[in-house]
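What follows is a short report on a single structure.
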Amino acid sequence: MIAVDTNVLARLLVKDDDAQTRKAVELIRRLDAEGTRARVSVVAMCELVWVLRSCYGFGRELIARTLQQVLAARQLAFDSPDRLSRALRAFEAGKGDIADYMIREDAQAAGCDAVATFDRALLKEEMFFSP
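Per our numbering, the very first residue in the sequence shown carries number 173; after that it's consecutive.
Okay, here's the thing in structure tokens:
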């Protein structure tokens, strides 16, 4: 199995560089033909959200919808797709960043009752509290 970096995913989504987009599409086709999958880390997904927001001006709703489609791609494998999907829904509706919601998802999975944060925007959301 191979892993893909954020920039490969970005090329597949925004198609802003013809040569790199072509190579990224070829990779996905090759994975599909071989019946294999490429690993996408949670870090890459968090970084992808940042890239889509800051570099391409995507809004929360479009990012969440787009990344839900990425999660459904049969050529890609994720460590915890259910947690990532819940974090994306929270990101779409909330005020925090995707990493904040992944931290909460990981905390819940580990049996934690709450997440201490100084991020005021998160304090109104479930599980977050000020230390």
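Cβ atoms here follow ideal geometry from the backbone N, Cα and C, with glycine treated the same way. The model shown is predicted, which means the values in this text are computed figures rather than measured ones.
Which of the three DSSP states is assigned to residue i in this structure?
| i | result |
| --- | --- |
| Leu248 | strand |
| Ala210 | strand |
| Ala286 | coil |
| Phe230 | coil |
Can the beta-carbon of residue i be found closer than 8 Å to that of residue j?
| i | j | result |
| --- | --- | --- |
| Glu211 | Leu203 | Here residue 211 is Arg; the residue named in the question, Glu, does not match the sequence. No. Outside cutoff. |
| Glu277 | Arg258 | yes |
| Asp272 | Asp291 | yes |
What's the gap between the Cα of residue i and the Cα of residue j?
| i | j | result |
| --- | --- | --- |
| Glu298 | Val197 | 39 Å |
| Gln240 | Gln280 | 21 Å |
| Pro176 | Ala205 | In the sequence under discussion, the amino acid at residue 176 is Val, which differs from the Pro named in the question. Roughly 17 Å separates the two Cα atoms. |
| Ala288 | Ile275 | 11 Å |
| Val180 | Val215 | 14 Å |
| Ala249 | Ile174 | 10 Å |
| Tyr228 | Thr238 | 13 Å |
| Asp285 | Gln192 | 44 Å |
| Met217 | Leu184 | 13 Å |
| Ser213 | Asp251 | 7 Å |
| Asp188 | Ala293 | 33 Å |
| Ser226 | Gly207 | 34 Å |
| Gly231 | Arg201 | 29 Å |
| Ala182 | Gly283 | 33 Å |
| Ala262 | Val186 | 23 Å |
| Leu260 | Ile270 | 7 Å |
| Asp190 | Leu199 | 14 Å |
Within its chain, find whatever has a CB closer than 6 Å to the CB of residue i; leave out the 5 residues flanking it on each side and keep chain order.
| i | result |
| --- | --- |
| Ile235 | Val221, Leu224 |
| Lys195 | none |
Can you list, in chain order, the residues of its chain with a C-beta nearer than 8 Å to that of residue i? Leave out the 5 residues immediately preceding and following it.
| i | result |
| --- | --- |
| Leu295 | Thr289, Phe301, Ser302 |
| Glu219 | Thr178 |
Whether or not the region 264-282 and the region 242-250 are in contact is what I'm after, with contact meaning three or more pairs of Cβ atoms, one per stretch, closer than 8 Å; do they touch?
No: the two stretches stay apart, fewer than three of their Cβ pairs being nearer than 8 Å.
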